[in-house]
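K.L.:
In this note's numbering, the protein residues as written are 759 to 927.
Ideal Cβ positions, reconstructed from N, Cα and C, are used throughout, including at glycine.
The structure is given below, and queries will be raised subsequently.
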């Protein structure tokens, strides 16, 4: 599946694989597991090509169930015969360079940034790519909102009631 440079919306009938595509992308960006589905039988790896702002294409290759990601400095569409440029752990570590999270954060230019861990104690921790991953891939359950059925069509908020002391002239 190929995506454009801007927002991509995946839509289709129920049970057509939309959620699996979202989960597979999340898996490639560091999620710990990808649920098996019948249609994936016989496949051993997942490939994800990325084009950062500099225009260079990289391809991530991860074995299904694996905890390592191979990074290739080119666009590949089949399992490669050559050695990867990097072999990275999926688990984030702020102290080690050889993990997917740090690699992606370096590409984005935000490696080493710190985020608030506890607002009450003012504690900071090192940013992980998993902190950003939910901004890259959004499932339909992540953005749904509910509007009360009793609201009339076209209204964005309930009417204000006049107080008994107000008068109209």
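Taking the alpha-carbon of residue 821 as reference, which of 787, 808, 874 has the nearest alpha-carbon?
P.N.:
Here residue 821 refers to the residue found at position 63 of the chain shown. Taking each of 787, 808, 874 in turn and checking the Cα distance to residue 821, the smallest one comes out for 787.
K.L.:
Quick one: is the Cβ of residue 836 within less than 7 Å of any heavy atom of the ligand NAP?
P.N.:
The ligand NAP is absent from the structure shown, which contains no ligand whatsoever.
K.L.:
Cβ of residue 784 within 8 Å of Cβ of residue 891?
P.N.:
Numbered from 1 along the chain shown, position 26 holds the residue referred to as residue 784. Numbered from 1 along the chain shown, position 133 holds the residue referred to as residue 891. In this structure, residue 891 lies closer than 8 Å to residue 784 by Cβ.
K.L.:
Counting Cβ pairs closer than 8 Å, one from the region 844 to 852 and one from the region 822 to 836, do we hit at least three?
P.N.:
Flag = yes, the region 844 to 852 and the region 822 to 836 touch.
K.L.:
Cutting at 7 Å between CB atoms, please list the residues of its own chain near residue 859, excluding the five before and the five after it.
P.N.:
For this step, residue 859 is matched to residue 101 along the chain shown. Cβ neighbours of residue 859 beyond the five flanking positions: 788, 850, 886, 887, 888.
K.L.:
Beta strand (DSSP E) containing residue 804: first to last residue?
P.N.:
Here residue 804 refers to the residue found at position 46 when the chain shown is read from its first residue. First-last of the beta strand (DSSP E) with residue 804: 803 to 808.
K.L.:
Which class does residue 923 belong to by DSSP, given the choice of helix, strand or coil?
P.N.:
Your numbering for residue 923 matches position 165 in the chain shown. Confidence at residue 923 is low in this model, with a pLDDT of 45, below 50, so its placement is unreliable and no value can be given for it.
K.L.:
Taking the beta carbon of residue 761 as the centre, do at least 16 other beta carbons fall within 10 Å, making it buried, or is it exposed?
P.N.:
If you number the chain shown from 1, residue 761 lands on position 3. Residue 761 should be labelled exposed.
K.L.:
I'd like the span of the alpha helix (DSSP H) that includes residue 882, first residue to last.
P.N.:
In the chain shown, counting from the first residue as 1, residue 882 sits at position 124. Unbroken run through residue 882 is the beta strand (DSSP E), 881 to 884; no alpha helix (DSSP H).
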